[in-house]
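Undergrad:
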Amino acid sequence: MKWTDTLDIAIALDEAYPDVDPQRINFVDLRNWVLALEGFDDDPGRSGEKILEAIQMAWIEERE
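Take the sequence shown: its letter number 1 is residue 1 in this note's numbering, and every next letter is one higher.
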């Protein structure tokens with residue numbers, strides 16, 4: 001997975017952290033959790049607020 005695979009990342013996060021409310025996550029934790037996902041292999045330096053926000057929104061939508 002790459003940073004741009006927001007839906008795939010959101011699904012993986014939802015499976016890995018079912019008890020977490022994605023509306024309440026901070027971006028530092030979100031970034032660290034994405035980097036720790038199995039299958040994630042993108043450059044850690046390529047993340048930014050916009051991509052983390054897109055991942056968070058996809059996670060919220062996935063949860064609904």
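Just so you know, even glycine gets a beta-carbon here, dropped at the ideal spot from N, CA and C.
Given 8 Å as the limit, is there contact between the segment 39-47 and the segment 13-22, that is, 3 or more CB pairs closer than that?
TA: Contact between the segment 39-47 and the segment 13-22 is absent, because fewer than three Cβ pairs lie under 8 Å.
Undergrad: Can you tell me which of the three DSSP states residue 8 falls into?
TA: Three-state DSSP puts residue 8 in a helix.
Undergrad: Please list the terminal residues of the continuous alpha helix (DSSP H) segment that includes residue 29.
TA: Note, residue 29: alpha helix (DSSP H), 27-36.
Undergrad: If distances are taken between C-alpha atoms only, which option among 19, 18 and 54 comes closest to residue 31?
TA: When each option's Cα is compared against that of residue 31, the closest is 54.
Undergrad: So for residue 24, helix, strand or coil by DSSP?
TA: Residue state, collapsed to three classes: coil.
Undergrad: I'd like the list of long-range same chain contacts for residue 56, defined as Cβ closer than 7 Å, with 5 residues on each side in sequence excluded.
TA: Cβ neighbours of residue 56 beyond the five flanking positions: 22, 25 and 30.
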